[in-house]
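Chains A and B, in that order, are what the protein sequence lines are.
So that you can map any letter, position 955 of the first sequence is 1393 in this note's numbering, and since no number is skipped, the others follow by simple counting.
So that you can map any letter, position 131 of the second sequence is 970 in this note's numbering, and since no number is skipped, the others follow by simple counting.
Structure first, then comments.
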Amino acid sequence: MGTNTSYGSMNDPGGTGRSTRGRVGVVALVAAGLSLLASPVSIQAQTGQVTGTVTAASTGAPLGEVQVFIVDAELGTLSRSNGRFLILNVPAGSYEVRAERIGYGAATQTVDVTAGGTAVADFSLGEEALGLDEIVVTGTAGQSRRREIGNAINQINVGEIPDRPVSTTDLLQGSAPGIEITGGSGELGQGKQIRLRGNSSVSMTNQPIIYIDGVRMMDGAFPTVDGQDFPGGRGALVTASPLDNINPNDIERIEVIKGSAATTLFGTEASAGVIQVFTKRGSSGAPVWTAEMQQGTGWVKEFGANGVQYLHMEHYLRDPWWGGGYEGGELSEPCVTEPDSRWGDHNSSAEGACSWPGSVWLQNYNLSVRGGGQDLQYFMSGQYQDDTGVMPNDYLEKYNFRGNFTVTPTEGLQIQWNTGYTNQWQQNTSGGNNAQGLTLNAFRQERNYLASKDPRDIAIVLDYDLQQRIERLSSGITLTYSPLSNLTNRFTVGYDFSSQEGRNLRNFGYPQFPQGGLMNDTWQKRILTFDYVGTYSFDVTDAVRSNFSWGGQAIGDEVRQVQAWGEDFPGAAEPTVGSAAQTIANEERQKIWNAGFFFQNVFDINDQYFVTAGVRVDGNSAFGEGFGLQTYPKVSGTWVISDADFWSESMGSVKLRAAYGQSGRAPGAFDAVRTWEAAGFAGQPAFVPENLGNSDLGPEVTAEWEVGFDGSWLQDRISAQFTYYDQTTTDALMSVGSIPSEGFTQSQLENVGELSNKGMELQVDGAVVQGADWGWDVGLGISTNNSEVVDLGGIQEFSDLNGRIIEGEPVPVMWDRRVANPDEIAEFEYENGGENVVIGPGLPTHFLTPNMSFRMPGNITLSARGEYRGGHYMEINEISIGRSVRSPLCFPYYVDPANSIELEEDTPALWRERCTPGAADDYWFDADYFKLRSVSATVPVDFAFPDRVSNATITLALNNAWDWYREIPWYDPEVLGNAAANDDGVGNQTERVPAPATFRIALRVTF
Amino acid sequence: MNYMTKRQERAAAAVRRLTGAATAIFTIALLSACDVTNPGPVQDEFLGDEESQPGLVNGSIRRLSELTTWTAYTTALLSREIFPGGQTGAGGHDVSTQGGHVQPGSYGGYFDDAQQARFIAEEAIERFNDVGASDDMLYQAHLWAGYAYRALGENWCDAVIDGSGIQPGSVYFENAVENFTDALSYAANEEERLPALAGRAAARVWLGEWGDAAADAEQVPDDFAFWLEMDQTGSTSYHNWLYFANANRPYRSYSIWNTFFEDYYTNTGDPRTPWTDDPDEPFANAALSGYGQIPWTNQLKYTSRDDDMRLASGWEMLLIRAEAILEGGAPGDYTDAMDLINEVRTRNVSDNDDQPLEAWNATDETEAWTFLKRERAIELWLEGRRLGDERRWMENGTPGELDTPDWSEISPIFTENPRSFCFDIPDSERDANPEVPTTSG
């Protein structure tokens, strides 16, 4: 009760309680916690309460999760799923009550609260399908209203995603046209590859850069833990994504800009797009706690064929909660039923379904609180995740903490300090293309490295102990100072630290390495961000207003890696590298600085026309000494045509836009410099040629223009966003082959090429049914992406991006030998005399991302989201035919599929080629596929909780449960290669188990 | 009008200072962005230091070690010193190489290593001559340039040097002889002369300079051996791959099964060609088309990853002298040649009965050639020399039989892949060097 009194004293509407400001946050937190336990009865005599209902104006349906708060007071709540809200302990007086929710226009009402009384304020919020006055930040100088921005920008409001994803990459998957998230496989903690509008580079990464709250964070994924030059083995080949270290529950929204027309102000390194994550901030009002508990399970869908339904992996896969096992099929090995310490008595029968002991269990617990006063608002959260995966050695444990604080020490000055910390431990099963990997040896059966198909023999590789510890700290302080109403300065300093320690241990006695071997791979990345933006606004004429911005940015990016390898241990004790008889170490360090400044001006004409022009100038430590600075211009315009006099309201709201801009991609740290590798030889220094160098090397520059419109019609029941884009990358960095006989044998990057990349993006959303009790919303994203190598600058075609780089063909194009007489019962003959022929694009050229949401009485919502990709070709064959492994795909053509690879005489030529060692090239398929990303149901359960609980829902989510493939026979096309999320292309599958389907139940309570 | 409190003024002043600092930071950062030196890779100008000179020579040796360990393994397959186990990818070879054929334009990595081995040594010589260096450094650089050229000549049919057009492969040996001769001029003592003499003798064999070859060889004592270091504590790229690829760690990539040496060792116990089997591991890793799993046996010449590989020896010199006699380039007849051959042979004690190996007995010159070829095969087994020998004898049209087995009955890969006797100029050179045709042949 005492705490409540203290809290009450902070509710100082008159603003005289300045002396308490410094303690507000701490006191508020403590108060909030204890207030849960305290009874409100004793203060009811001095206070009243405010209650009411929030509904959607278009349908009359109740709206949950609306932030309702008393302006200038520190009281507020979220509406329940039935739209009801209740604000307790409001001191008697007259107040403005405000209701806000992303995607809806805010509304304010005045209420009079009497001691012991109840004031009522009902709200009806109008939907804002276009959100023309929403503030967006990414790609603009400072911040801008959406109506001012000439390029497409996707804003993903995490609160609106129904299936409560547990990873940020899951959350982004299929979320908007042009966002391509690929990957995922059976390993716990495996990251995904991220692309925006396909490829704009051949030699450099096409991974977009990522910011979190204005601070540059690690993009790409953590590297695999495998000794590049040691006999250390390949380990688990798991590449965790730093994006997935952000707790999705901490994210308010994500802004995505996809091309150079939008990313100019980010300069060098931004041509592949920018993703900016905004985490939740505190808000004025009483502490609002949100607790969530998720429990889930998973299972592997069939991925084999012809009597081998799981490619012999059924022995090692964990069941879902409800068991059932995995039925391998008639040509699979019998289940392990004899006593074996690894399986115990888990399998009751040698026939039928079997599995690895235990079940898949995915646990996720979240707790967060937000609140604060006028001068300090806070958001704090914690997450604990504990997963047991489908693979036998897979476990993952993660802690996540976040503290975001907004301080307003004086008028015109705001300090925002955001910090997130992640600590993730995971253990994985050796896998991928790894001679001591479970999947490879299981897939290859008796042709494997153990020369045995007996699951008990293969299971010895499970003694390969693979562990990773990942830590991430990302912290940034942003000072926003507005000394005048039309002058704003924003300065951000950020530090992003990523660390991965991997330990690959084969202990003493490990059968394939009897003396034991251990690799410790410690990889760290540090990114420093300095960012300043100033904006000055002034009226040029009565009708024209100018917003002039200037600023600069410096990003320091440093990677350090130390690998230590030791082998030959004295015994079976838990070793370190130091306890080995023989040790090797390797260290790599690399630092790149990029710094630039920019100017931009936005002319606002009658709040209807907007013209933006700007330029950014960059220097980069990776540029050649003779290169100098790179300039990137931009210009864009928008016309809110629906604000024009001639436009009638019945024609809806429409904004037309066009933009042109450039941004770039720098070469690697050493590409411009002629270097020798200090390689060492037999304990002595040794120098060998490394990099030829090019002092004139600069960035490749992508210029993009895009046009489009945003519109909504029929009282916002239908909305659409359309964009056509056309990118040209000039001075494209290409690996030009050095002449080996001249001594420097590595290829040298040169600014010689030209690439083209164009397509369209259309997102249409419609409310088919809009009623108070029933609602049905559907949406469809359609996008295309067509790339072309325009010019190779005179160099020969070459292989990259998991395909071939050929002038006039897509980036990349698939290229291989094809059988000319596929259906003939004859020896196979190749097209083009056996030379490789062009097959088709290596990346999808068209995408469909349908989604729907069905609302029923009680605000129960069913949602589904899927993704179709097509137009590309993939080589799908996970069986090593060249090693004479019996392939399930060839079983129909083998004389004796259980024992031999001898082919039937009437085998068609195509299959004769596919099933013959030394051939087996023509495994090319039209790779069109559809994935049902998620199906979910959200059920409000407020009724089960007292009034103090403002919102309670149960969410049931089924993810990755169903796929459709046009031609691909049996393997998930999103399984990536050995480099996994760091793979520079797709279609390079290695021996992995596809990503499991998952089922999760989440209870989320807000109070 | 609003007046700021002192606290507000302090805050505003702090922000103004921060803004000023930010401007300064960006200016400095922009100016300094172009001036970051990263550790690790060594920039070219630093190699002018005298302290760097041994490192340059070592760089050449390292590349030669990498080349030798891999070419010894690959050419052992091509020349049928070992039988392929079907293993492709890591620790193995593509199917055509296992069949005995080198795809046109392939093995660019080997070419890179070979070219770098000679380039680094020659670059070192040029730098040493510019800045001055000790005779020892110049001796080392020339010696290793000589061995690099010898390796190029023995493994590649055609020569390309420093972006030139295609030249006869003999150019490699001419350069080898020149460098060995220069090395001899810098040699400080007899011990340093021997590797250069042995290398020059082997190179002169290829040039048909039999008299000079025999003269060089005669100066080398029988028990001389010159080794190239393999190192298991360093990079895997120059540890002994003939060991590691078949050490069951985890690779069992080849077998001695079905080779000449399977029966030869069983029958003679010649300690130069030992092999063994392992009842626990009856088969190699993979399988061959048309046959299936391959019975696995393993050589015992190399028993650890750091077992060095021999570049030259006095026993090889005896065989060179014998061959010079048979070629008519040195005095004597086939019986004299056989004496030299049997001197090499009978020094060895059989693993079967601890008795010296029986001498070969030739009844004519053709038979002497057969024994010469056999004895070189045995003496130089798994040292990366056999493929070159076969090519040289084939080009010279020498008489006598080879013991190369015929495996065409075992698997179609041996009929579908016609045997190659050298590596091709790789695609990487053909694509980048305008002086070289883009396709072979």
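All residues carry an ideal CB built from backbone N, CA and C; glycine is no exception.
In this text, all values refer to a predicted model and were calculated from it rather than measured experimentally.
Can you list the alpha helix (DSSP H) stretches of 4 or more residues lying completely in the region 920–975 of chain B, in chain order? 934–938, 947–970
Quick one: does residue 653/A have its CB under 8 Å from some CB of chain B? no
Just mark residue 962/B as buried or exposed, buried being the case when its beta carbon has 16 or more other beta carbons within 10 Å. buried
Check each candidate in 540/A, 539/A, 532/A and name the one with the smallest Cα separation from residue 549/A. 532/A
Just the Cα atoms here: how many angstroms apart are residue 551/A and residue 1155/A? 37 Å
As a quick exercise: from 1178/A, 1390/A, 612/A, 1407/A, pick the residue whose alpha carbon is nearest that of residue 1307/A. 612/A
In chain B, what lies closer than 8 Å to residue 1126/A by C-beta? 898, 901, 902, 955, 959
Contact list for the region 1114–1135 of chain B against chain A, Cβ threshold 9 Å: 1120, 1121, 1122, 1123, 1124, 1125, 1126, 1127, 1128, 1129, 1130, 1131, 1132, 1135
Does the Cβ of residue 978/A have 16 or more other Cβ atoms within 10 Å, making it buried, or fewer, making it exposed? exposed
Short CB-CB distance (under 8 Å) between residue 880/A and chain B: no
Can the beta-carbon of residue 1405/A be found less than 8 Å from the beta-carbon of residue 1364/A? yes
Neighbourhood of residue 1161/B by C-beta, 6 Å cutoff - its chain only, sequence neighbours within 5 removed: 1176, 1179, 1180, 1211
Beta-carbon within less than 7 Å of residue 474/A's beta-carbon, same chain only, minus the 5 sequence neighbours each way: which residues are those? Reliability fails at residue 474/A, whose pLDDT of 39 lies under 50, so the model's placement of it is uncertain and the value that follows must be treated cautiously. Counting only Cβ-Cβ distances below 7 Å, and skipping sequence neighbours, we find nothing.
Can you say whether residue 1010/A is buried or exposed, counting buried as having 16 or more other CB atoms within 10 angstroms of its CB? exposed
Runs of 3 residues minimum, wholly inside the region 1003–1057 of chain A: which ones carry the beta strand (DSSP E) assignment? 1020–1043
Neighbour list for residue 1177/A in chain B, Cβ cutoff strictly below 7 Å: 1002, 1268, 1271, 1272
Coarse secondary structure for residue 1270/A, derived from DSSP in three states: helix
Where residue 974/A falls: helix, strand or coil (DSSP): strand
Residues that residue 1420/A bridges to, as DSSP identifies them: Answer by DSSP bridge pairing: none, since residue 1420/A is not bridged.
Every unbroken alpha helix (DSSP H) inside the region 1214–1278 of chain B [4 residues or more]: 1225–1235, 1252–1255, 1266–1271
Own chain residues within Cβ distance below 7 Å of residue 580/A, not counting five before or after: 926, 928, 971, 973, 987
For chain A, check one thing: does any of its Cβ atoms lie closer than 8 Å to the Cβ of residue 1015/B? no
Is it buried or exposed, residue 1098/B, if we count other Cβ atoms within 10 angstroms and call 16 or more buried? buried
Please classify residue 1183/A: does DSSP put it in a helix, a strand, or coil? coil
Please go through the same chain and pick out, in chain order, the residues whose beta-carbon is closer than 8 Å to the beta-carbon of residue 726/A, but skip the five residues on each side of it. 514, 515, 516, 807, 808, 809, 1388, 1444, 1445
Any beta strand (DSSP E) of 3 or more consecutive residues that is wholly inside the region 557–633 of chain A: 561–563, 592–595, 617–621
With 16 other Cβ atoms within 10 Å as the buried cut-off, status of residue 1059/A: buried
Please report whether the beta-carbon of residue 883/B lies at a distance below 8 Å from any beta-carbon of chain C. Structure shown: chain C not included; protein chains present are A and B.
So residue 1141/B contacts chain A; which residues on that side make the cut at Cβ distance below 7 Å? Correct list: empty, because the minimum Cβ distance to chain A is about 15 Å.
Check residue 1063/A in the structure and name its three-state DSSP category. coil
Assuming residue 940/B and residue 1257/B form a contact by the criterion Cβ under 8 Å, report the distance between their Cβ atoms to the nearest whole angstrom. 6 Å
Can you pull the chain B residues whose beta carbon is under 8 Å from the beta carbon of residue 1342/A, in chain order? Those within 8 Å of residue 1342/A in chain B number zero; the least Cβ separation is about 16 Å.
By Cβ distance below 8 Å, which residues in the same chain neighbour residue 479/A in space, the five residues on each side in sequence not counted? Caution is warranted here: a pLDDT of 40 is assigned to residue 479/A, below 50, making its placement in the model unreliable, and the coordinate value is therefore given only provisionally. Excluding positions up to five away in sequence, the list is empty.
Segment contact, 8 Å Cβ cut-off, at least three pairs: the region 710–720 of chain A with the region 1420–1433 of chain A: no
Any beta strand (DSSP E) of 3 or more consecutive residues that is wholly inside the region 1275–1354 of chain A: 1275–1279, 1284–1294, 1298–1308, 1311–1313
Mind checking the region 884–897 of chain A against chain B and listing, in chain order, the residues whose C-beta falls within less than 7 Å of any C-beta there? 885, 887, 889
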